[in-house]
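With UniProt numbering applied, the sequence shown corresponds to residues 1 to 382, in that order. Every residue, glycine too, gets a C-beta built ideally from N, C-alpha and C. Treat the numbers as computed from the prediction; the structure is a model and nothing was measured.
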Amino acid sequence: MEKSNLSAGVFGLSYDKIDKLIEQHDTPLFIIIRERLIDNYQAFRSFFPGVEVYYALKANPHPYIIQVLGEIGSSFDVASLQEIQLVLSHGISPQRMIFANTIKRKKGIRFAKDSGVSRLTYDNFDEIGKMARVFQGASVILRIKTPSVGSRINLSYKFGAEPNEALDLLLKAQDAGLNPIGISFHVGSPCTNVENYIASLKLVVEIFEQAASKGIHLHTIDIGGGFPLQVYQTKNIKVSVESMGKILTPLLLEYFGRDCTFVAEPGRSLVGSAGLLISKVIGRAKRSGKNWYYLDDGYYGTFTAIPFDKSVFEFYTFKDESEKYPCILAGPTCDSVDIIADGVLMPEMQLDDLVFVPNIGAYSWASATTFNGFEKPKVILA
Ligand SMILES: Cc1ncc(COP(=O)(O)O)c(C=O)c1O
């Protein structure tokens, strides 16, 4: 797109602002757009009234994100001792955390106990023993395996108890001195198929009934993450968080009633569209008739999202994009796997041209490496 078209409506930042940031910080630059992060959180809250939001830190644990979301009232889904420490270091109370990793290290469980994080998830018998030895009386949430039809990443393969084992796992936890309070699930990420959530909620209803018949009164329903990106402009939007909220919120009340606690753990949906990467062309070559552009961030950096999260991104420039040619975008390392996009259509670019990658806030910077000595992009809150 041309500079004149790069208005606040496109990336959430004006051209002038971007220009100043590049001048000040150079590239690669990973911008967290504060307004968009806040909007995404507020929108989620309004689409899911009555559901407490525990931001899944794994999507992007940058301190700016914890700070902004913490200030506007978000709680946090944490997966390790280190994530608990990080959230605590922002002055956020342990009551605003759920330790939502079903396989925990013993020292993680001990740290949760000592620091006051009292809700933990589990999905197997061994974890009950581990938690009971270290943390008697902990409130535990059983994660079940649920359908992930159509989701890009299946989160019920490595995790989740078979629903028909749920009652045993709840009884065993109670016998071991733990306090079973609810059920959680994750329908896969991102999930655009609301039926996955509906089918999961039906399973939870059955488990609540089975548990009640044995005297265990569950009251927490954790619907996990999986919600799609909240994007303002996109070519391919199919299902929005809003449309999911309209279907699921009434179901939660119908199935469980107002006295229950409803929890969601969105990650991608809160931070995905709040992240903008600006990278620069640092090299060009023509190889076997193909145009190669080498950027200053790559497959080992922010674009770890490609192998780990199976993400597909859109690339923009400040150039006249009326004529585009297939090219290869590669990263800066001395490794041949470091290719970001092969066959993508781009205008002809020169050295130092900027490439903009919106919607890159989740599962990207979080897993970036410093392979070959290339530092992670600088992060700016704008
Ligand atoms: C337990 C748990 N909760 C929440 C999330 C966040 O998922 P998403 O980013 O799809 O919202 C994840 C992501 O893998 C997860 O493992």
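* On the three-state DSSP scale, how would you describe T234? -> Position 234 of the sequence shown holds residue 234. With a pLDDT of only 49 at T234, under 50, the local geometry of the prediction cannot be trusted, and no value is derived from it.
* If V241 and S269 are in contact, beta carbons under 8 angstroms, what's the gap, nearest whole angstrom? -> Counted from its first residue, the sequence shown places residue 241 at position 241. Counted from its first residue, the sequence shown places residue 269 at position 269. With 8 angstroms as the limit, V241 and S269 qualify as a contact, their Cβ atoms being about 6 angstroms apart.
* Taking buried to mean at least 16 other C-beta atoms within 10 Å of its own C-beta, is I247 buried or exposed? -> On the sequence shown, position 247 is the one that residue 247 refers to. That one is exposed.
* Residue of L167, N124 and Q136 minimising C-alpha distance to K158 -> Translated into positions along the sequence shown, residue 158 becomes position 158. For K158, the nearest C-alpha among the options comes from N124.
* To do: Would you tell me roughly how many angstroms separate the C-alpha atoms of A305 and F135, rounded to the nearest one?
  => Position 305 of the sequence shown, counted from the start, is the residue given in the question as residue 305. Position 135 of the sequence shown, counted from the start, is the residue given in the question as residue 135. A305 and F135: Cα-Cα distance of roughly 35 angstroms.
* Would the beta-carbon of D335 be found less than 7 angstroms away from any heavy atom of ligand 1? -> Position 335 of the sequence shown, counted from the first residue, corresponds to residue 335. The answer is no for D335.
* Asked: Bridge partners of D222, per DSSP?
  -> Your numbering for residue 222 matches position 222 in the sequence shown. BP columns for D222 point to S184 and V263.
* Quick one: complete beta strand (DSSP E) runs, 3+ long, within the stretch 290–344? -> 290–295 and 325–330
* **Close beta carbons around G272, own chain, < 7 angstroms, minus the five adjacent residues each side** => Mapped onto the sequence shown, residue 272 falls at position 272. For G272, where only same-chain residues beyond five positions count, the Cβ hits under 7 angstroms are L229, N359, G361 and A362.
* To do: Measure the alpha-carbon distance for Q233 versus E195 and round it to whole angstroms.
  => Your numbering for residue 233 matches position 233 in the sequence shown. Your numbering for residue 195 matches position 195 in the sequence shown. In this prediction, Q233 has a pLDDT of 48, which is less than 50 and means its spatial position is unreliable; nothing more can be read from the coordinates.
* To do: Let me know the secondary structure DSSP gives G91 once reduced to three states.
  => By 1-based counting over the sequence shown, the position of residue 91 is 91. G91: coil per DSSP, three-state reduction.
* **contact_flag[the stretch 147–157, the stretch 103–121] where n(CB pairs < 8 angstroms) is 3 or more** => no
* To the nearest whole angstrom, what separates the beta carbons of I282 and F356, a pair I think is in contact under 8 angstroms? -> For this step, residue 282 is matched to residue 282 along the sequence shown. For this step, residue 356 is matched to residue 356 along the sequence shown. Not really, about 16 angstroms apart at Cβ, beyond 8 angstroms.
* To do: Check whether the Cβ of A100 lies closer than 7 angstroms to any heavy atom of ligand 1, and answer yes or no.
  => The residue given as residue 100 occupies position 100 in the sequence shown. Yes, the beta carbon of A100 sits closer than 7 angstroms to at least one heavy atom of ligand 1.
* Asked: Thinking C-beta only, is L142 closer than 8 angstroms to L169?
  -> Locating residue 169 in the sequence shown gives position 169, counting from the first residue. Locating residue 142 in the sequence shown gives position 142, counting from the first residue. It is a contact, given that the beta carbons lie within the stated cut-off.
* Asked: Under the rule that 16 or more other beta-carbon atoms within 10 Å means buried, what is A212, buried or exposed?
  -> Against the sequence shown, residue 212 aligns to sequence position 212. With fewer than 16 other Cβ atoms within 10 Å, it is exposed.
* To do: List the residues that DSSP assigns as beta-bridge partners of E52.
  => Start at 1 with the first residue of the sequence shown, and residue 52 comes out as number 52. For E52, which the question treats as bridged, DSSP gives the partners V263.
* Would you mind sorting P250 into buried or exposed? The rule is 16 or more other CB atoms within 10 Å of its CB. => One-based indexing of the sequence shown puts residue 250 at position 250. It is exposed - the Cβ of P250 has fewer than 16 other Cβ atoms within 10 Å.
* **Residues of its chain near I38, where Cβ-Cβ distance is below 7 angstroms and the 5 sequence neighbours each way are ignored** => Residue 38 sits at position 38 when you count from the first residue of the sequence shown. If we look at I38 and ignore the five residues flanking it on each side, its Cβ neighbours are V68 and I72.
* Asked: When every heavy atom of ligand 1 is checked, does at least one fall within less than 7 angstroms of the C-beta of H186?
  -> Start at 1 with the first residue of the sequence shown, and residue 186 comes out as number 186. Answer for H186: yes, Cβ within range of ligand 1.
* Quick one: residues in its chain with C-beta nearer than 7 angstroms to the C-beta of S74, no 5 flanking neighbours on either side, listed in chain order? => For the purposes of this step, residue 74 is identified with residue 74 of the sequence shown, where counting begins at 1. So the qualifying residues of the chain are Y41, V53 and Y55.
* To do: Sort V78, G108, I103 and A166 by Cα distance to Q95 and report the nearest one.
  => What you label residue 95 is simply residue 95 of the sequence shown in a count that begins at 1. Taking only the C-alpha atoms, the option nearest Q95 is V78.
* Evaluate the contact criterion for the stretch 215–222 versus the stretch 252–267: three or more CB pairs, one atom per stretch, below 8 angstroms. => yes
* Asked: Is it the case that the Cβ atoms of V51 and A264 are separated by a distance below 8 angstroms?
  -> Here the question's residue 51 lines up with position 51 in the sequence shown. Here the question's residue 264 lines up with position 264 in the sequence shown. It is a contact, given that the beta carbons lie within the stated cut-off.
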